[in-house]
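Take a look at the structure set out below.
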Amino acid sequence: MKSTELKWALLILVIVLLGYILPYTLFTNIAAWYGSFLLWTILAIAIIGINYLITRKWGE
Amino acid sequence: MVWWTIAIYIIISLFIAFLSRSGKQTNMVSYFLGDRKLGGFVSALSYSATTYSAFMLVGLAGLTYKGGVGAFGFEIIYFMGVSLVAFFGPRFWLVGKKYGYVTPSEMLGDRYNNKKVAMVVSIFSCLFLIPYSAVQLAGVGYLLQGMTNNAIPFTTGVVIATVLAIVFSYIAGIRSVAWTDSLQALFMIISSTIVVILIINGLGGVGSFFETLETNQPQSLTVPGNGFFSFFTFLGLTIPWFFFSLSNPQVSQRLFMPASMKSLRTMLMGFLIFGFVYTLVSVIWGFSAAAMFPDLANPDLATPKILSSDLVPPILAAIVMVGIMAAAISTIDSILLTLSSLFARDVYGYMKKNSSDKDQLLVGKIVIPIIAILAYLFAQMNVNLIAVLSVASSAGLLVTVPAIIGAFFWKRGTAAGVITSVIVSGVMVIILEFAKLKPLGLASGIWGIVISAILYIAVSLITKAPEKKADEFLSYLKTELKRSKIV
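Chains as they are written, first to last, in this note's numbering: chain A, -15 to 44; chain B, 14 to 500.
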């Protein structure tokens, strides 16, 4: 895996880890829409953005 | 009304399926891969329809009902896992085209220079995916039964779904599957979104919707919440699904089909947008059920309850219900097609050396109904919580992931390593599932992938790698990926 790909992969890994860790620690007592629900929504949107950037040059 | 809606659905789908026939489906690549010429839009919708089965609006909504927001997290972790396509997609696509692979396991067999690899991986795929299809069929049965107050009994629903899955696969192979899938996906996302909007409005808008949850069921907005989603449970559910896009041949085979890299990109991005919306819709659906009917005995009834509530017009309810049935069918027909291609190419093709492409196609076509009937029989054995069983089959497929990653990133991987890792850890997963064992509190899938990775690496290191093939395969990829500016 070359360096640009590796960077993206690490970034995704960090986001995935946040998706595991934060809801069970920081947000575990926040019983509201702006708790885990919002967090996972934001992380999912970040993933869409990253995939958009990774694949931007495909097929050019 | 339900019968009418089902009839209209069948007529429209058959019409689309017949329209999709183009050219002659007289060889494997044409029948199972659509000549590697699928457009981006159809690829995206079909990928979505294949991935998102009846599980979403029945199982995931039920899981949200039962365990709260953890169900959303579970589905989002899966969703993040589809990013693997951004890395493996171009690699699959390039080698698929270069070496003419029809199935992902055929690719492994060639890369590890041993056809036994392809056969073993294929057999395990069938072993796990037939139960997975059965779960889908059972989902249809429950849904129709629950929605119509037993007017359509469980068995009738299951029979309808089985027959349609066979027919859609038969008409034009992957083409009819892809087109009927696309129709279903579009239909589903629109109708279910409308239902969710109606319900949220009926409950007084987004603000008061969440307020109701915050006051009445505060634990449903956190994990572990009411305890259902303990961290280990969450881990056990999510790990197999994170790798779904690689481990499940009915979706990884899709990486061979797009007409170009650009179509591949459209497929990935289209899926991500579709998946994000659909996940939100399904989870809010489950939350609505929790807000409206807090005391259901069986969480799988959450969806039928919502659809028969006063907030949803009966015609829309009928449409969504048939849509859920169609969702199950669109998953099953893709699995049927993939499994029969695996059997024909990798199992039959291994046993009968020098079998022609035409022979393999014939075998594939014969196997389609056989697999469907097996799934039908499994579905008759009543299952309780749909999501849990469905995950059990993806836990089993997880054992192929180390070999797939290794094929592209590790020269030293060997056929012996793959075969040992898949068989030993695959059998182990089956034993754990049957005995309902969770050593150290960890689910079967986690043990599966850990043991499989260790075995793959260890056995590969003490056996001889297919150096020539690995060099050729990897250097071809390296050149092509550079040329397309991907790395």
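Even glycine gets a Cβ: it sits at the ideal position worked out from N, Cα and C. Only a predicted model underlies this, so the values are computations on that prediction, with no experimental measurement involved.
Under 8 Å between C-beta atoms of residue i and residue j
{"i": "B:Leu375", "j": "B:Ala198", "result": "no"}
{"i": "A:Gly33", "j": "B:Gly86", "result": "no"}
{"i": "B:Leu352", "j": "B:Val333", "result": "no"}
{"i": "B:Leu242", "j": "B:Gly83", "result": "It is Phe, not Leu, that sits at residue 242 of chain B in the sequence shown. Yes; because the gap between Cβ atoms is below 8 Å, this pair is in contact."}
{"i": "B:Ser438", "j": "B:Gly419", "result": "no"}
{"i": "A:Trp(-8)", "j": "B:Arg278", "result": "no"}
{"i": "B:Ala302", "j": "B:Ala315", "result": "yes"}
{"i": "B:Leu474", "j": "B:Ser434", "result": "no"}
{"i": "B:Val296", "j": "A:Ser20", "result": "no"}
{"i": "B:Met338", "j": "B:Leu156", "result": "yes"}
{"i": "B:Gly336", "j": "B:Met201", "result": "yes"}
{"i": "A:Glu(-11)", "j": "B:Val412", "result": "no"}
{"i": "B:Leu259", "j": "B:Phe101", "result": "yes"}
{"i": "A:Leu27", "j": "A:Ile(-1)", "result": "yes"}
{"i": "B:Ile417", "j": "B:Leu46", "result": "no"}
{"i": "B:Tyr361", "j": "B:Gln373", "result": "yes"}
{"i": "B:Tyr145", "j": "B:Met280", "result": "no"}
{"i": "B:Pro117", "j": "B:Ser265", "result": "yes"}
Residues near residue i by beta carbon distance below 8 Å, same chain, minus five either side
{"i": "B:Tyr389", "result": "Ala147, Leu150, Val171, Val172, Thr175"}
{"i": "B:Ala30", "result": "Val180, Phe181, Ile184, Ala185, Ser189, Trp192, Thr193"}
{"i": "B:Ile381", "result": "Ile179, Ser182, Tyr183, Leu349, Leu350, Ser353"}
{"i": "A:Trp24", "result": "Gly3, Pro7"}
{"i": "B:Val290", "result": "Ile202, Thr206"}
{"i": "B:Val42", "result": "Asp48, Arg49, Gly113, Val115"}
{"i": "B:Val327", "result": "It is worth fixing the name first, because residue 327 of chain B is Pro in this sequence and not Val. Within the same chain, B:Pro327 has close Cβ partners Met14."}
{"i": "B:Tyr91", "result": "Thr251, Trp254, Phe255, Phe257"}
Of the listed residues the options, nearest to residue i (C-alpha basis)
{"i": "A:Leu(-5)", "options": "B:Gly81, B:Arg49, B:Ser33, B:Leu97", "result": "B:Leu97"}
{"i": "B:Ser407", "options": "B:Thr116, B:Ile29, B:Phe257", "result": "B:Phe257"}
{"i": "B:Ile342", "options": "B:Trp106, B:Ser26, B:Trp16, B:Met14", "result": "B:Ser26"}
{"i": "B:Phe391", "options": "B:Lys37, B:Ile143, B:Arg124, B:Lys50", "result": "B:Ile143"}
{"i": "B:Leu285", "options": "A:Thr39, A:Glu44, A:Gly43", "result": "A:Thr39"}
{"i": "B:Thr168", "options": "B:Gly288, B:Met160, B:Gly154", "result": "B:Gly154"}
{"i": "B:Met69", "options": "B:Asp359, B:Thr116, B:Ile90, B:Leu293", "result": "B:Leu293"}
{"i": "B:Pro518", "options": "B:Ser347, B:Val290, B:Thr228", "result": "Residue 518 of chain B cannot be examined here, being either before or after the span of chain B that is shown, 14 to 500."}
{"i": "B:Leu324", "options": "B:Val209, B:Ile252, B:Thr427, B:Ser273", "result": "B:Val209"}
{"i": "B:Gly454", "options": "B:Glu493, B:Phe247, B:Met394", "result": "B:Phe247"}
{"i": "B:Leu140", "options": "B:Thr64, B:Gln393, B:Leu107, B:Asn261", "result": "B:Asn261"}
{"i": "B:Leu387", "options": "B:Lys477, B:Ala99, B:Val500, B:Ile345", "result": "B:Ile345"}
{"i": "B:Tyr65", "options": "B:Gly288, B:Leu410, B:Phe356", "result": "B:Gly288"}
{"i": "B:Tyr125", "options": "B:Ile165, B:Ala428, B:Gly113, B:Ile136", "result": "B:Ala428"}
{"i": "B:Leu234", "options": "A:Ala15, A:Leu1, A:Asn35, A:Glu44", "result": "A:Ala15"}
{"i": "B:Ala471", "options": "B:Pro117, B:Ile432, B:Ile24, B:Asp372", "result": "B:Ile432"}
{"i": "A:Tyr18", "options": "B:Leu226, B:Met441, B:Pro326", "result": "B:Leu226"}
{"i": "B:Ala164", "options": "B:Ser368, B:Leu107, B:Trp16", "result": "B:Trp16"}
Contacts of residue i in chain A (Cβ-Cβ under 9 Å)
{"i": "B:Val236", "result": "Pro7, Tyr8, Phe11, Thr12, Ser20"}
{"i": "B:Pro144", "result": "Chain A residues near B:Pro144: none, gap ~27 Å exceeds 9 Å."}
{"i": "B:Met505", "result": "Residue 505 of chain B cannot be examined here, being either before or after the span of chain B that is shown, 14 to 500."}
{"i": "B:Val82", "result": "Pro7, Gly19, Ser20, Phe21, Trp24"}
Residues that residue i contacts on chain A, provided the C-beta gap is smaller than 8 Å
{"i": "B:Pro103", "result": "Trp42"}
{"i": "B:Glu227", "result": "Ala15, Ala16, Trp17"}
{"i": "B:Phe223", "result": "Ala16, Trp17"}
{"i": "B:Phe289", "result": "Ala28, Ile29, Ile32"}
{"i": "B:Phe269", "result": "Here the premise fails: no neighbours, minimum Cβ distance about 16 Å."}
{"i": "B:Ile286", "result": "Ile32"}
Spatial neighbours of residue i in its chain, beta-carbon cut-off 6 Å, leaving aside the 5 residues before and after
{"i": "B:Ala400", "result": "Model confidence at B:Ala400 stands at a pLDDT of 45, short of 50, so the residue's coordinates are unreliable and nothing is read from them."}
{"i": "A:Ile29", "result": "none"}
{"i": "B:Phe222", "result": "Ile213, Leu216"}
{"i": "B:Glu119", "result": "Ala131, Arg358, Asp359"}
{"i": "B:Tyr78", "result": "Gly299, Ala302, Ala303, Pro312, Ala315"}
{"i": "B:Ala483", "result": "Lys424"}
{"i": "B:Ala456", "result": "Gly249"}
8 Å Cβ cut-off: residues of chain B touching residue i
{"i": "A:Leu27", "result": "Ile89, Met93"}
Proximal chain A residues relative to residue i, where beta-carbon distance stays under 7 Å
{"i": "B:Gly86", "result": "Gly3, Pro7, Ser20, Trp24"}
{"i": "B:Phe244", "result": "Tyr8"}
{"i": "B:Ala99", "result": "Asn35, Ile38, Thr39"}
{"i": "B:Pro231", "result": "Ala15"}
{"i": "B:Leu107", "result": "By Cβ distance, chain A contributes nothing, its closest Cβ being about 12 Å from B:Leu107, past 7 Å."}
{"i": "B:Ala49", "result": "Strictly speaking, residue 49 of chain B in this sequence is Arg, with Ala absent from that position. What B:Arg49 touches in chain A: nothing, since even the nearest Cβ is about 15 Å away."}
{"i": "B:Leu277", "result": "Trp42"}
Cutoff 7 Å; reference residue i; Cβ partners in own chain excluding five residues on either side
{"i": "B:Gln232", "result": "Gly81, Gly238, Asn239"}
{"i": "B:Leu110", "result": "Here residue 110 of chain B turns out to be Lys, not Leu, going by the sequence shown. Answer for B:Lys110: Arg49, listed in chain order."}
Cross-chain neighbours of residue i in chain B, by beta carbon under 9 Å
{"i": "A:Val0", "result": "Ile90, Met93, Gly94, Ser96, Phe255"}
Chain E contact residues for residue i, given Cβ-Cβ distances below 7 Å
{"i": "B:Met274", "result": "The structure shown has no chain E; the protein chains it does contain are A and B."}
Inset, instruction - May I have a chain-ordered list of the alpha helix (DSSP H) segments no shorter than 4 residues that lie completely inside the segment 241 to 278 of chain B? - result: 244 to 255, 257 to 260, 262 to 265
Inset, instruction - List in chain order: all unbroken alpha helix (DSSP H) runs of 4+ residues lying wholly within the segment 15 to 68 of chain B. - result: 15 to 32, 41 to 46, 53 to 64
Inset, instruction - Could you tell me which uninterrupted alpha helix (DSSP H) segments, each at least 4 residues in length, are contained entirely in the segment 66 to 110 of chain B, listed from first to last along the chain? - result: 74 to 80, 83 to 94
Legend entry - Length-filtered (4 minimum) alpha helix (DSSP H) runs lying within the segment 321 to 401 of chain B: 327 to 355, 370 to 393
Inset, instruction - Tell me the start and end of each unbroken alpha helix (DSSP H) in the segment 471 to 496 of chain B that is at least 4 residues and wholly inside, in chain order. - result: 480 to 496
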